[in-house]
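Notes follow once the structure below has been shown.
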Amino acid sequence: MEDHVQEIRQKLPWLVFQDIEYLFDELDYDAKIENLIMQVPDLFETFGIDYTRKYERELYEAAELPLPKKMKKADIGRKDDEPSEYQIDQANYEEVTTRAESWLVPETKYLSPKEIKAAERMVGKDYRKGYLTNDKFTKDDFMIVMEYLEHLSKLPPDKKEFYNGLLDYMLGELTVEKRSVLWKAARKLSENAVIYFTERELERYCGCEDGNEMLRALLESGLIHKSGKWYHFWNHDMLWYLSLKSIQEMSEERKQLYYQEDLPVLWDEEGTEDWISFLKENDWENFKDYLVVPGFSEFLNTAELEGQKAPEKWLIEELKFEWLVFEVNKSEEVHMIFYCPFPIMILEKVNDSIISDVYDLFEEMIDEQIEHVKEFKIPDGGHSKITIQSLLHSKKGQKLLKEYGCFEAMEKILDTMKAYLD
Numbered sequence: 002m003e004d005h006v007q008e009i010r011q012k013l014p015w016l017v018f019q020d021i022e023y024l025f026d027e028l029d030y031d032a033k034i035e036n037l038i039m040q041v042p043d044l045f046e047t048f049g050i051d052y053t054r055k056y057e058r059e060l061y062e063a064a065e066l067p068l069p070k071k072m073k074k075a076d077i078g079r080k081d082d083e084p085s086e087y088q089i090d091q092a093n094y095e096e097v098t099t100r101a102e103s104w105l106v107p108e109t110k111y112l113s114p115k116e117i118k119a120a121e122r123m124v125g126k127d128y129r130k131g132y133l134t135n136d137k138f139t140k141d142d143f144m145i146v147m148e149y150l151e152h153l154s155k156l157p158p159d160k161k162e163f164y165n166g167l168l169d170y171m172l173g174e175l176t177v178e179k180r181s182v183l184w185k186a187a188r189k190l191s192e193n194a195v196i197y198f199t200e201r202e203l204e205r206y207c208g209c210e211d212g213n214e215m216l217r218a219l220l221e222s223g224l225i226h227k228s229g230k231w232y233h234f235w236n237h238d239m240l241w242y243l244s245l246k247s248i249q250e251m252s253e254e255r256k257q258l259y260y261q262e263d264l265p266v267l268w269d270e271e272g273t274e275d276w277i278s279f280l281k282e283n284d285w286e287n288f289k290d291y292l293v294v295p296g297f298s299e300f301l302n303t304a305e306l307e308g309q310k311a312p313e314k315w316l317i318e319e320l321k322f323e324w325l326v327f328e329v330n331k332s333e334e335v336h337m338i339f340y341c342p343f344p345i346m347i348l349e350k351v352n353d354s355i356i357s358d359v360y361d362l363f364e365e366m367i368d369e370q371i372e373h374v375k376e377f378k379i380p381d382g383g384h385s386k387i388t389i390q391s392l393l394h395s396k397k398g399q400k401l402l403k404e405y406g407c408f409e410a411m412e413k414i415l416d417t418m419k420a421y422l423d
């Protein structure tokens, strides 16, 4: 269940509408739809989703039912010690979340690592490969895997070679056109962080005119399963390696466009972090040549031009550090925020420790020196704040930044970027 909480939270609001539309095609649809609607407030509260009046109105309109006079609220404006109208006790929590998961996640019986080893021994094998025992396969899927491995003179050394070979093995009889359809469909689903999908959802994400044709190609491939209204690939890895083939077949010009224009748009979308990380790990040369190098190069040129002889000071100002100071129970709590330009986001993806180290350094500085920087505080609504500009434009502030190694930290960021250009 925990594997799907984020996906459920992200998709549940529109998934309810999709279920209503789906139920209209069934017998006794009116009772089923009404039962579904009655469950929604509990589900929304459990997953921390606002059950607003606007959503409720749209929900009842979609169900072709009259809107109740009294709005059902999900934990809005209540006191800490006051139970919500839809408060769910711990005993019922699992039941509610399982109900939501059943909407979103088809029931799939995956083999455990122990069962995978047992399946290997049944055919006299002991592969001892982590990409087998640590991944998800149904019993039927794993039979195909062993059939594929039996044709090889030696085992694939890693997960990437294993899946690329398996996909070629399974798609060998499909036409180039159908393969291309599969690759594009998989990439669009990966970009939208969709694991389980319906025919309508496939049409919506892939923008295909004939969803049936695409579904036929998917079903013929043997790479997906159907459970009720749901379709899904064998597992995440199969989806991503299939998606990667869509990029590999692109021309160099189209790859450049993908990495410099398409991928940045996905950067802040919920759920896409895994896809971006997958590309970094499995398509590194293109990731580096078309995203990392041009992004860092432009940023470094700007730092040299606008920073003149002190690019590290320019970078500190560019990151726009601010410390928000709140009075809480006669003591002060400090919350730090800063602006993250896209090249810094790229650096965080390729070297995740360097940005977190900088964040910790600047946070530690103000936490430890809060009593000595009161002169830099300025009123800001119900709290006060300290800006990096106020520190940079005073001798005392600059001394503090030097003592804590903040300028050296900025130099380290710039030097790390330069290293990727060599």
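Here the sequence shown is numbered in the numbering used here, starting from 2 and rising by one per residue. By construction, the Cβ of each residue, glycine as well, lies at the ideal position given by its N, Cα and C atoms. Predicted model only: the values in this text are computed from it and were never measured.
Please name the residue in the options whose C-alpha comes closest to that of residue i.
i      : options                        : result
Leu190 : Ser244, Lys310, Leu153         : Ser244
Phe322 : Phe363, Phe377, Leu13, Leu348  : Phe363
Asp127 : Leu150, Thr109, Ile145, Thr139 : Leu150
Glu369 : Leu393, Pro342, Val335         : Val335
Met337 : Gly383, Ala63, Leu325          : Leu325
Ile367 : Met346, Gly383, Glu404         : Glu404
Met144 : Pro157, Ile355, Arg122, Ile317 : Arg122
Pro14  : Arg129, Leu167, Phe45          : Phe45
His237 : Leu66, Lys137, Arg201          : Lys137
Glu286 : Glu200, Tyr421, Arg217         : Tyr421
Lys396 : Trp184, Leu415, Glu376         : Glu376
His373 : Leu401, Phe343, Thr388         : Leu401
Glu174 : Ala218, Glu108, Leu258         : Ala218
Pro162 : Cys407, Lys386, Leu292, Asp284 : Note on identity: in this sequence residue 162 is Glu, with Pro being the wrong assignment. Of the listed residues, the one whose Cα sits closest to Glu162 is Asp284.
Glu365 : Lys155, Leu183, Gly406, Ile345 : Gly406
Asn352 : Glu282, Leu301, Gly383         : Glu282
Lys227 : Glu200, Met239, Val294         : Glu200
Asp43  : Leu68, Val17, Ser247, Phe25    : Val17
Val146 : Leu264, Leu168, Asp275, Asp381 : Leu168
Gly131 : Leu348, Ile9, Leu392, Tyr164   : Tyr164
Tyr170 : Val182, Glu148, Ser181         : Glu148
Asp358 : Asn135, Gly383, Ala410         : Ala410
Lys386 : Glu62, Gly296, Phe339, Leu203  : Phe339
Tyr260 : Glu274, Asp275, Pro295, Asp361 : Pro295
Asp141 : Val124, Leu112, Glu178         : Leu112
Phe288 : Cys341, Leu24, Leu258          : Leu258
Thr417 : Val293, Met39, Glu62           : Val293
Kindly indicate which three-state DSSP category residue i falls into: helix, strand or coil?
i      : result
Tyr52  : coil
Leu415 : helix
His336 : strand
His226 : strand
Tyr111 : coil
Thr303 : helix
Pro380 : strand
Glu270 : coil
Phe279 : helix
Ile196 : coil
Ile89  : With a pLDDT of 41 at Ile89, under the threshold of 50, the modelled position of that residue is not reliable, and the figure given next carries that caveat. It is coil, neither helix nor strand.
Val359 : helix
Phe408 : helix
Trp315 : helix
Lys386 : strand
Ala75  : The predicted model places Ala75 with a pLDDT of 41, which falls under 50 and marks its position as unreliable; any figure quoted below should be read in that light. Reduced to three states, the DSSP call for Ala75 is coil.
Glu65  : coil
Glu349 : helix
Lys130 : coil
Asn287 : helix
Tyr206 : helix
Leu422 : coil
Going by the CB atoms, is the gap between residue j and residue i shorter than 9 Å?
i      : j      : result
Leu37  : Ile21  : yes
Trp1   : Ala187 : The chain is shown from 2 up to 423; residue 1 falls before or after that span and cannot be answered.
Ser298 : Lys350 : no
Gln19  : Ala194 : no
Ile371 : Ile317 : no
Lys110 : Thr139 : yes
Leu267 : Leu415 : no
Lys413 : Ile355 : yes
Phe408 : Glu271 : no
Trp184 : Lys246 : yes
Ser154 : Glu250 : no
Pro69  : Glu57  : yes
His233 : Tyr197 : yes
Ile345 : Leu320 : yes
Ile248 : Leu203 : no
To which residues does DSSP link residue i through a beta bridge?
i      : result
Ser354 : DSSP lists no partner for Ser354.
Val329 : Ser332
Tyr232 : Phe198, Lys227
Glu323 : Ile338, Thr388
Below 8 Å, can you find three or more Cβ-Cβ pairs linking the segment 328-343 to the segment 306-315?
-> no
Is it true that the segment 244-254 meets the segment 214-222, where meeting means three or more beta-carbon pairs spaced less than 8 Å apart?
-> no
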